[in-house]
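Chemist: Got a structure for you, questions after.
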Amino acid sequence: MQATVGELVSNLLTHFTNDPLALLMALAGAAFVGGASLFFGYLTLGAVADFITPDVSNEPPSRAN
């Protein structure tokens with residue numbers, strides 16, 4: 001038994017309009033996942049930029065004694 005996309009959307013809309021707590025929980029989950037994705041994407045872009053850009057400092061790397 002397979003449902004069409006229209007039936008799935010209709011079922012979700014019915015569920016969310018009848019139970020406001022379910023809608024709030026779904027939105028909070030989406031915000032949590034979206035925020036984490038943006039944060040780790042930002043970290044990844046920073047790491048890639050750090051890897052690609054050359055080190056332009058005039059000092060040689062310090063050595064541990």
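Yeah, the sequence shown ends on 65 if you go by our numbering, and it's all consecutive. Beta carbons: idealized from backbone N, C-alpha and C, even for Gly.
To the nearest whole angstrom, what separates the beta carbons of alanine 26 and phenylalanine 16, a pair I think is in contact under 8 Å?
Modeler: Residue 26 sits at position 26 when you count from the first residue of the sequence shown. Residue 16 sits at position 16 when you count from the first residue of the sequence shown. Going by Cβ atoms, the distance from alanine 26 to phenylalanine 16 rounds to 7 Å, so yes, they are a contact pair.
Chemist: Which two residues bound the contiguous alpha helix (DSSP H) that contains serine 10?
Modeler: Counted from its first residue, the sequence shown places residue 10 at position 10. Its alpha helix (DSSP H) spans residues 5–18.
Chemist: Checking 9 Å against the spacing of the C-beta atoms, do asparagine 11 and alanine 3 come in under that value?
Modeler: For the purposes of this step, residue 11 is taken as the residue at position 11 of the sequence shown. For the purposes of this step, residue 3 is taken as the residue at position 3 of the sequence shown. Taking 9 Å as the Cβ cut-off, asparagine 11 and alanine 3 qualify as a contacting pair.
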